[in-house]
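Novice: Residue numbers (the numbering used here), protein chains in the order written: chain A, 7 to 479; chain B, 738 to 1211. Below: one structure in structure tokens.
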């Protein structure tokens, strides 16, 4: 069911059905941290919003979206008891548009991860094969959309945390241009790389969602004044004349023949429809540098961003003999080892003696990478590549190090979208061994309409709009 | 052997804005604890800073008055450290690109004017206030996020007196600019002093100590003088100075060690990613700079050059902006600038003091005071009468009415006075005789008699002159 279908039905029915399904699937998927208990009241309020673009549509929020009076944990132990006193900017926008919140979805702790194995409430399972991972960090949101619980869920994307789980779960995952959607009220990972994004099962729903979420917010100084368009009414799936560049660095790194074959088939059919498809290669040393650069920058920002989590004013507090000890104990017990490791990395790169050769250097490399992408996009409407190096792996043989070592470029190329802030989307491409795969598209800043239009053309070719994984409760 | 003292000062000054540096919560002093806060000030997850434009304007005002070069691109950085009074675990400050740099302040010293160089002025946010009690620590976040400027001097001061003059100069200037309340006792202006000694003629610096918690200008001077003596004593006894932070203890009038500095803390500064560099409009900067208003130094020069005041009086007036503002108001109604200065400095201050009022609560209508001083000048009332009139002015009464009601118009009409004088002379032949025999004090006695006969309304100077004239005629 699409957003338009939900809008034709009674909000209260939508809310009831979605909540029931979410609860039924919870033992299987483990995608939810907190269920909303006031969906009936929300539905009544939504009912009155006749013009709302999401009137009566049940949705899920990643658990790093601040929701007043509703527990928001970012899947971290240290925030397990945290109930925000304020709504995020997008929480307000979604409510104003008539959306009904069903659940707060699981994520990798504080957004740090790409597997959703590192959530305080446990791993999230892939709806297409529950022995496999959903991907992360927005894994809960991806799983809830893929399994048909909700037509849309909010995610956030610092490295590829919307677009990777979207590929693994066979749904659309979009992050628009940096600054297109306000980050006010999003528990951060790394401020200069964090984007609000979302999952849907069709491009049309993605267009509607973007329209609701986009726009300047004075509380987020990095948010843009760029006008918001009527993306859904301007959707145009004609691909003729579009110039698309295949990112060969990625394609050469992908080992799976079946994925490559399906990708080629798609390219052929787009070409047949009149698209200009060419190959480009970005500097390989820069592509190799994506991950190390990211881990320095993201974790340096993160170590400061999360210094507020000290157990003093909110969150879980561990006892101690002094204020300092309370902080140390709360932080030691409040974060998982994986998160503490990232803090240490980030902190190390900021030490006075290391800043020049690590943090500052990483900032310079980031600029070089962005310039390289900018140059490549001068002649094209979008860059395209396989979203991931493989299908979603099994939970037991997954570790991020392992994935990245095997597929350094194939697994990390979507960082291009975070470094540059350019709009980027993952669109389902097909299935390999019963598991979904996707393609990743990146366009020039604020060319979300262009991106959505190309995505719509691809969706038309693959015929994979509206697909839902049948999960047995 | 004596040493040269080297002093540098860092001043933190709360900016007079309605809301906080990065949030829309109100800035207030003395409100109930934790009532002037929102999610941003408390560092709640997901909050973001929004820069207060007024704070930038005030910082530009201060930087301009300090002759600093303004950086038209405003950038902020994070200073990272954990402390319970720092909600975010980092402070947003301007480490790498201060809004103003390379300025100076001119102070008066015993050897004439001296320029104290200002290294930088930058914007940042204040921390929360902590209260350490026996059963725990209380934190009031009302102050958290209050806009501050930090003004860092070069190590150009050489005595406690110079340091005090520098702080006083800055304090008055910032107050005139409307930049800050500069209340040291309330902490809206805070002063940290770095002090070291070295033998005269040496270029390099000795080991310094930092003195914190100086809550008045006189304590700045006292603390420095104590510290000079302490360090000098140590050095003369062959001991070394420990680099440390000390505080001034009012009870013992000495400085006490707070903590040793074990190497520099690494604050891991890096650019604040949530605030893009803000390019200020040149026209906006210019309009701020052109509308600084009159600074204390300019005002002092005006008082001396245009109003002919003594430097001492000009200093007294300028030191308290409200007093000086009042003086300027009175000058709109009366041109007797020196007289006004006397009345403002002496009588007004005394009257306020008597009523236990501050200058901010001054009930005196400047027009009334001007009118009254005009009456004195025209000899309509005597100085003695004026004191009575002034009391009534302080109660809100129009001096004209007071004079009428009390019937205290001074007799300055020669013919009316002459009538009384001649009556007095007729009744006192002995005094005339005395005068003729060269006893001048007879005149004083006669003036007293005339004052008595006129019920105090006779103009004393005129009476004196007329009596002498009449005596000569007899």
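C-beta: ideal position from N, C-alpha, C; glycine also.
#1: Establish whether the CB of residue 776(B) and some CB of chain A are separated by less than 8 Å.
#2: So, do the region 972-990 of chain B and the region 1013-1021 of chain B have three or more beta carbon pairs nearer to each other than 8 Å?
#3: Please state the DSSP three-state secondary structure of residue 293(A).
#4: Using only alpha-carbon positions, find the residue among 366(A), 416(A), 269(A) and 471(A) that is nearest to residue 2(A).
#5: Kindly indicate if chain B contains any beta-carbon less than 8 Å away from that of residue 72(A).
#6: Using a threshold of 8 Å, state whether the C-beta atoms of residue 61(A) and residue 90(A) are closer than that.
#7: List, in order along the chain, the chain B residues whose C-beta lies closer than 9 Å to that of residue 227(A)?
#8: Do we get a CB-CB distance below 8 Å when we pair residue 194(A) with the residues of chain B?
#9: Check whether the Cβ atoms of residue 159(A) and residue 65(A) lie closer than 8 Å to each other.
#10: Quick one: residues in its chain with C-beta nearer than 6 Å to the C-beta of residue 309(A), no 5 flanking neighbours on either side, listed in chain order?
#11: If you measure beta-carbon to beta-carbon, which residues of the region 71-94 of chain A are closer than 9 Å to chain B?
#12: Our contact map puts residue 81(A) next to residue 126(A) with C-beta atoms below 8 Å; I'd like the distance itself, whole angstroms only.
#13: Taking only the alpha-carbon atoms, compute the straight-line gap between residue 964(B) and residue 842(B) and give it to the nearest angstrom.
#14: Ignoring anything shorter than 3 residues or poking outside the region 844-893 of chain B, list the beta strand (DSSP E) runs there in chain order.
#15: Quick one: which chain B residues come within Cβ less than 7 Å of residue 306(A)?
#16: Does any C-beta atom of chain B lie closer than 8 Å to the C-beta of residue 190(A)?
#17: State the Cα-Cα distance for the pair residue 174(A) and residue 759(B), rounded to the nearest angstrom.
#18: Based on the DSSP secondary-structure assignment, which residues constitute the bridge partners of residue 829(B)?
#19: Could you tell me whether the Cβ atoms of residue 1077(B) and residue 1102(B) are closer together than 8 Å?
#20: Note down, in chain order, all residues in the region 285-311 of chain A with a beta-carbon under 8 Å from any beta-carbon belonging to chain B.
#21: Is the beta carbon of residue 363(A) within less than 7 Å of some heavy atom of the ligand SAH?
#22: Does chain B have any CB closer than 8 Å to the CB of residue 235(A)?
#23: Please determine if the region 282-297 of chain A and the region 376-389 of chain A are in contact, where contact requires at least 3 C-beta pairs separated by less than 8 Å.
#24: Tell me whether residue 862(B) is buried or exposed, calling it buried when 16 or more other Cβ atoms sit within 10 Å of its Cβ.
#25: Taking CB distances under 8 Å as the criterion, tell me whether residue 825(B) reaches chain A.
#26: Determine, using beta carbons only, whether residue 428(A) and residue 250(A) come nearer to each other than 8 Å.
#27: Output, in sequence order along the chain, the residues in the region 754-780 of chain B whose CB is closer than 7 Å to any CB in chain A.
#28: On the DSSP bridge list, what partners appear for residue 181(A)?
#29: What are the boundary residues of the beta strand (DSSP E) that includes residue 764(B)?
#30: Which whole-angstrom value is the C-beta distance of residue 970(B) and residue 948(B), which I expect to be below 8 Å?
#31: Note down, one range per segment and in chain order, each beta strand (DSSP E) of at least 3 residues found wholly within the region 352-387 of chain A.
#32: Give the secondary structure of residue 929(B) by DSSP, where H, G and I count as helix, E and B as strand, and everything else as coil.
#33: Restricting to Cα atoms, I'd like to know which of 94(A), 50(A), 58(A) and 22(A) is closest to residue 776(B).
#34: Measure from the C-beta of residue 1018(B) to each C-beta in chain A and report whether the shortest distance is under 8 Å.
#35: Can you say whether residue 1095(B) is buried or exposed, counting buried as having 16 or more other CB atoms within 10 angstroms of its CB?
#36: Would you say residue 138(A) lies against chain B (beta-carbon separation less than 8 Å)?
Specialist: In this structure, then:
#1: Yes, contact with chain A.
#2: Not touching, per the Cβ criterion.
#3: Helix at residue 293(A).
#4: Any property of residue 2(A) remains undetermined from this structure, which presents chain A solely from 7 to 479.
#5: Answer yes: the Cβ-Cβ gap between residue 72(A) and chain B drops below 8 Å somewhere.
#6: Taking 8 Å as the Cβ cut-off, residue 61(A) and residue 90(A) do not qualify as a contacting pair.
#7: Those are 785, 786, 787, 788, 1011, 1012, 1013 and 1015, listed as they occur along chain B.
#8: At a cut-off of 8 Å between beta carbons, residue 194(A) contacts chain B.
#9: It is a contact, given that the beta carbons lie within the stated cut-off.
#10: Answer for residue 309(A): 349, 352 and 353, listed in chain order.
#11: Contact annotation: in the region 71-94 of chain A, residues whose CB is within less than 9 Å of a CB in chain B are 71, 72, 78, 80, 85, 88, 90, 91, 92 and 94.
#12: About 5 Å separates the beta carbon of residue 81(A) from that of residue 126(A), a gap short enough to meet the 8 Å contact definition.
#13: Spanning the two alpha carbons is a distance of roughly 24 Å.
#14: The DSSP assignment places complete beta strand (DSSP E) segments of no fewer than 3 residues inside the region 844-893 of chain B at 849-862, 866-870, 873-877 and 884-890, in order along the chain.
#15: At a beta-carbon threshold of 7 Å, the residues of chain B lying near residue 306(A) are 1007, ordered along the chain.
#16: Residue 190(A) counts as touching chain B.
#17: Spanning the two alpha carbons is a distance of roughly 40 Å.
#18: In the DSSP assignment, residue 829(B) forms a beta bridge with 815(B).
#19: Going by C-beta atoms, residue 1077(B) is not nearer than 8 Å to residue 1102(B).
#20: Cβ proximity to chain B below 8 Å picks out 306, 307, 309 and 310 from the region 285-311 of chain A.
#21: Among the components modelled here there is no ligand, and therefore nothing to report on the ligand SAH.
#22: No, residue 235(A) does not count as interfacial toward chain B.
#23: At 8 Å Cβ cutoff, the stretches touch.
#24: The residue is buried, with at least 16 neighbouring Cβ atoms inside 10 Å.
#25: Yes, because at least one Cβ of chain A sits closer than 8 Å to the Cβ of residue 825(B).
#26: Annotated as distal: residue 428(A) and residue 250(A), with beta-carbon spacing of 8 Å or more.
#27: Listed by position, the residues of the region 754-780 of chain B near chain A (Cβ gap below 7 Å) are 776, 779 and 780.
#28: Beta-bridge partners of residue 181(A) (DSSP): 430(A).
#29: Segment: none, residue 764(B) is in no beta strand (DSSP E) and carries neither H nor E.
#30: Going by Cβ atoms, the distance from residue 970(B) to residue 948(B) rounds to 16 Å, so no, they are not a contact pair.
#31: DSSP runs (the beta strand (DSSP E)) wholly in the region 352-387 of chain A: none.
#32: Residue 929(B): strand per DSSP, three-state reduction.
#33: Of the candidates 94(A), 50(A), 58(A) and 22(A), the one whose C-alpha sits nearest the C-alpha of residue 776(B) is 94(A).
#34: Judged by the 8 Å Cβ criterion, residue 1018(B) is not in contact with chain A.
#35: By the 10 Å Cβ count, residue 1095(B) comes out exposed.
#36: Judged by the 8 Å Cβ criterion, residue 138(A) is not in contact with chain B.
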